[in-house]
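Notes follow the structure.
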Amino acid sequence: MKWVLPFALLLLTSCGDDHDMADVTVSFRHVVEESPLVLNQVDYGNEIGENYNVTRLEYILTDIVLMRDNGTSVNLRDVFYVRVPENETGDGADETTRFLTRRIPGGSYSTVSFRFGVPAGAAFGDLPNEVNLNQMEWPVPMGGGYHYMRLEGLVEGGAEPLLAHLGPSRGGDFSFVVELPIDLFVDGEQTQVQITMDVDRWWQPNIYTFTGRGMIMGNPQVQALLSDNGPGVFGAASIP
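For the sequence shown, our numbering assigns the number 40 to the initial residue and increments by one for each residue that follows.
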């Protein structure tokens with residue numbers, strides 16, 4: 040299994056309109072309900088009234104693709120590591136929350152899709168040899184491979200830790216594909232696709248409780264719960 044290094048290759052599976060080709064920036068925004076996520080400072084609440092804050096959020100996406108209604112597609116990025124910076128403003132402006140894809144064929148695009156995490160069977164070292172990706176190793180005794188996500192914080196004012204680590208627990212595949220509707224028209228002018236993660240939606244509709252939860256890396260049942268909630272966490276929009 041091999042991923043192309045960033046910007047090394049843009050794989051086009053549709054011919055598009057060459058004279059309307061344009062650069063597209065993909066940015067990642069993080070909110071809790073409708074408010075920008077603020078690390079280390081703000082307390083939030085889940086569906087059953089437990090309070091928590093977020094001190095760390097990082098994750099891996101693979102196979103980021105734009106699709107047309109006719110089924111043709113443009114591969115934007117093979118793998119991208121996202122980390123929410125401490126000074127996150129909610130606009131996806133930090134270098135770890137955005138990337139530029141050059142020369143996208145012109146025309147209308149109706150869907151942006153990606154896999155949250157790494158496909159089944161990916162061993163540690165299969166992704167590009169980059170510091171950020173290398174630090175996402177999943178422990179070999181728990182299945183090996185890569186963390187899909189580290190979402191950490193404190194519960195009830197520091198009474199216990201929040202450790203929502205999603206990955207290939209016990210060798211299982213808890214990655215998932217997200218397909219988001221988008222109204223994007225590429226006409227020669229640089230444009231932006233903004234993908235938003237609502238952190239609060241990780242805890243619903245399947246209720247994820249914090250109290251007494253502790254580490255979940257060795258718990259496939261809890262991994263499955265988060266994986267099932269995952270597709271509802273995201274939304275997308277085009278920004279001229």
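Ideal Cβ placement from N, Cα and C applies to all residues, glycine included. If you're wondering where the values come from, they're calculated on a predicted model, not measured in any experiment.
Counted within 10 angstroms of its Cβ, other Cβ atoms place residue i as buried (16 or more) or exposed
{"i": "residue 173", "result": "exposed"}
{"i": "residue 117", "result": "buried"}
{"i": "residue 141", "result": "exposed"}
{"i": "residue 186", "result": "buried"}
{"i": "residue 136", "result": "buried"}
{"i": "residue 248", "result": "exposed"}
{"i": "residue 224", "result": "exposed"}
Beta-carbon proximity of residue i to residue j, cut-off 8 Å
{"i": "residue 67", "j": "residue 103", "result": "no"}
{"i": "residue 205", "j": "residue 274", "result": "no"}
{"i": "residue 214", "j": "residue 182", "result": "no"}
{"i": "residue 86", "j": "residue 243", "result": "yes"}
{"i": "residue 133", "j": "residue 144", "result": "no"}
{"i": "residue 115", "j": "residue 77", "result": "no"}
{"i": "residue 90", "j": "residue 81", "result": "no"}
{"i": "residue 201", "j": "residue 211", "result": "no"}
Alpha-carbon to alpha-carbon, residue j and residue i
{"i": "residue 237", "j": "residue 162", "result": "29 Å"}
{"i": "residue 180", "j": "residue 203", "result": "18 Å"}
{"i": "residue 98", "j": "residue 121", "result": "5 Å"}
{"i": "residue 50", "j": "residue 113", "result": "Low confidence applies here, because residue 50 scores a pLDDT of 42, under 50, leaving its location unreliable and the question unanswered by this model."}
{"i": "residue 190", "j": "residue 108", "result": "34 Å"}
{"i": "residue 230", "j": "residue 198", "result": "44 Å"}
{"i": "residue 177", "j": "residue 262", "result": "13 Å"}
{"i": "residue 228", "j": "residue 254", "result": "47 Å"}
{"i": "residue 250", "j": "residue 158", "result": "31 Å"}
{"i": "residue 268", "j": "residue 240", "result": "7 Å"}
{"i": "residue 119", "j": "residue 257", "result": "25 Å"}
Residues bridged to residue i (per DSSP)
{"i": "residue 231", "result": "64, 278"}
{"i": "residue 143", "result": "61"}
{"i": "residue 237", "result": "70"}
{"i": "residue 114", "result": "104"}
8 Å Cβ shell around residue i - same chain, five flanking residues per side excluded
{"i": "residue 188", "result": "96, 97, 98, 99, 155, 156, 203, 204, 205, 206"}
{"i": "residue 219", "result": "150, 151, 152, 234, 273, 274, 275"}
Beta-carbon proximity list for residue i, same chain, < 7 Å, skipping 5 on both sides
{"i": "residue 222", "result": "277"}
Contact set for residue i: own chain, Cβ-Cβ below 6 Å, skip 5 residues either direction
{"i": "residue 79", "result": "94"}
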